[in-house]
């Protein structure tokens, strides 16, 4: 998936790095120092529906459905996360215990058209 | 709102960079609290000393991965009763209130300073203070022997630590010397505030139906 450039109109991944110091949360989140808060944005014109951001076979399946049913589909496909990974956090809870946990699906790695 | 430019997704006006950044930070807070099942950030009233924290983290297996969907917890002891001369003490731990979690691994880390020759024989009890004035009850959890000073990880039966709805766990330690001059009472200093304070290392995973099975996508 391309990373969004300012002028990119098509579906892409917009990257933001969030430093826990900037949130004022560095006193209770011990590790890491921050994380990537990425999100998907951009247009998904018909020829991109099911684009290989997910899987080429899915793309061709969607494309043939589109052609068979209606050359100009009413619904549009959306720019959504297609790959995400967990974030491992080490933090202090309210009793001063140190807790290490993996938060699933926290970081968006790839975007694609639904 | 940015002048003129349109949002590539919805065609509406885009946000000015500062406004977008503020929105991203707010989103990050929501996402982290949701991921940790918290309604608000914890207010840390008694953070553990940095040195104790650093030592405790060094003790854990380097790079140990938190169990899938589970958590690893380090809980530092507060010493509620300690007879200065002997080495029997009561350690109190305030464990995370379990969110339908099941404890399956527990180790008590102690920094031992025997100053007498011979073997230190140590018993660990779970202490239930009981509700009324009468004395509580105690259950033997584990027995260990050691001849060397320094850090020791005492494995405790996780079954013995579960069960109570209270998040407060009291462990009572009882030790004496084997062999050598058994009349002497080992001067075992429990470091309560410094870097070598005792701590519990726990591993929990979600309990409940199907928690262990892979999620069906």
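Residue numbers (my numbering), protein chains in the order written: chain A, 2 to 115; chain B, 2 to 218.
Cβ coordinates follow ideal geometry from the N, Cα and C atoms, glycine included.
- The secondary-structure analysis by DSSP pairs residue 200(B) across a beta bridge with 77(B) and 110(B).
- For residue 102(A), the C-beta contacts it makes with chain B under 8 Å involve 37, 67, 71, 72 and 73, in order along the chain.
- Taking 9 Å as the cut-off, the Cβ atoms of residue 72(B) and residue 205(B) count as close.
- Its chain contains 100 as the residues whose beta carbon lies nearer than 7 Å to that of residue 94(A), once the 5 sequence neighbours on both sides are disregarded; these appear in chain order.
- In its chain, beyond the 5 residues on either side, 87 and 89 have a beta carbon closer than 6 Å to the beta carbon of residue 103(A).
- If you look at residue 160(B), you'll find it in the alpha helix (DSSP H) that goes 159-162.
- Annotated three-state conformation of residue 30(A) is strand, per DSSP.
- When Cβ-Cβ separations below 9 Å define contact, residue 46(A) makes no contact with chain B.
- In the three-state scheme derived from DSSP, where H, G and I count as helix and E and B as strand, residue 83(A) is classed as strand.
- When secondary structure is reduced to three states using DSSP, residue 62(A) falls in the helix class.
- Using a Cβ-Cβ cut-off of 7 Å, residue 77(B) is close to 97 of chain A, given in chain order.
- Taken atom to atom, the span from the alpha-carbon of residue 28(B) to that of residue 42(B) is near 14 Å.
- Within chain B, the residues placing a beta-carbon under 8 Å from that of residue 94(A) are 43 and 97, ordered along the chain.
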